[in-house]
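Note that this note's numbering has the sequence shown beginning at 250, numbered continuously upward. Where is the CB? At the ideal position from N, CA and C, for every residue including glycine. Encoded as structure tokens, the structure appears first; notes follow it.
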Amino acid sequence: MIPAATLPDDLAAILRGLEASDREAQALIAATGEERFNWRPDERSWSVAQCLDHLNVANRLYAESMRGAVEAAREKRATRRAPIRPGAFARWFIRTMEPPPRRRLPAPRKIVPAARKKLAEVGEEWSRVQAQVRDLLVQAAPLDLNGTRFVNPFLPMIRFSVGTGFLVIEAHQRRHVWQARQVLARSPGNSS
């Protein structure tokens with residue numbers, strides 16, 4: 250793990266949030282077998298596997314888009330000037346990601362999860378993508394995360410700051426890990 254103490258306070262808080270979601274997701278993976286992992290309460294609901302698969306794909310695509318912006322900022326020597334300060338629209342967007350969801354939002358087609366996925370496959374991808382996001386956060390730390398923008402990979406007409414991108418990933422991850430916990434609590438064989 251990356252020591253949060255080496256990062257500016259705003260980025261350390263994001264890192265702690267990502268790591269908390271990572272620990273929760275790893276615990277969910279460890280607490281299920283293949284059937285419970287893919288069990289869905291009903292046709293409209295996602296399984297634990299689908300919640301985590303959705304995050305794997307969403308986080309990977311977000312990080313890829315952000316990585317290009319981070320590299321461009323590094324080349325321009327766009328150094329950090331202030332803590333992350335999302336604008337009004339970005340703050341609203343981040344709030345819509347937080348759990349518990351106030352409205353169901355349809356997932357963009359690119360990140361609709363597979364109907365079934367193997368537990369080991371999702372777990373391995375989870376670990377890989379989490380490491381990529383944390384590494385990108387560390388690489389971006391010395392840069393201007395307010396002035397450096399990237400194209401949202403799901404809504405190309407929207408350009409967020411890279412700082413906002415990290416906040417979106419953190420909140421979106423919290424939302425779907427929370428959702429996965431709710432599903433697991435309702436699943437057959439739950440002992441609680």
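{"Query": "Bounding residues of the beta strand (DSSP E) (the contiguous stretch that carries Phe409)", "Result": "Arg408 to Ser410"}
{"Query": "Inter-residue CB distance, Leu259 and Thr328 (contact presumed, cutoff 8 angstroms)", "Result": "According to the sequence provided, residue 259 is Asp. The question's Leu does not apply to it. Actually they do not touch by this definition, with Cβ atoms about 15 angstroms apart."}
{"Query": "Contact the region 362-382 vs the region 303-316: 3+ CB pairs below 8 angstroms", "Result": "yes"}
{"Query": "Endpoints, the alpha helix (DSSP H) within which Arg272 is located", "Result": "Asp258 to Ala279"}
{"Query": "Cβ-based burial, Lys366 [other Cβ within 10 Å; buried from 16]", "Result": "buried"}
{"Query": "Nearest-angstrom Cα separation, counted from Ala390 out to Asn445", "Result": "Outside the modelled stretch of the chain, which goes from 250 to 441, sits residue 445, for which no answer is possible."}
{"Query": "8 angstroms CB neighbourhood of Val432 in its chain, flanking five on each side removed", "Result": "Trp288, Arg289, Pro290, Ser294, Trp295, Ser296, Val297 and Cys300"}
{"Query": "With 16 other Cβ atoms within 10 Å as the buried cut-off, status of Arg398", "Result": "buried"}
{"Query": "Touching by the beta-carbon criterion (3+ pairs, under 8 angstroms), the region 324-344 and the region 403-413", "Result": "yes"}
{"Query": "Bridge partner(s) assigned by DSSP for Arg326", "Result": "Partner(s): none; Arg326 has no beta bridge."}
{"Query": "Met406 classed as buried or exposed, judged by whether at least 16 other C-beta atoms fall within 10 angstroms", "Result": "exposed"}
{"Query": "Straight-line Cα distance separating Ala274 from Gly282", "Result": "14 angstroms"}
{"Query": "Residue interval of the beta strand (DSSP E) (run including Val400)", "Result": "Arg398 to Val400"}
{"Query": "In DSSP terms, what Leu392 is bridged to", "Result": "Thr328"}
{"Query": "Pairwise C-alpha distance: Arg326 and Gly396", "Result": "12 angstroms"}
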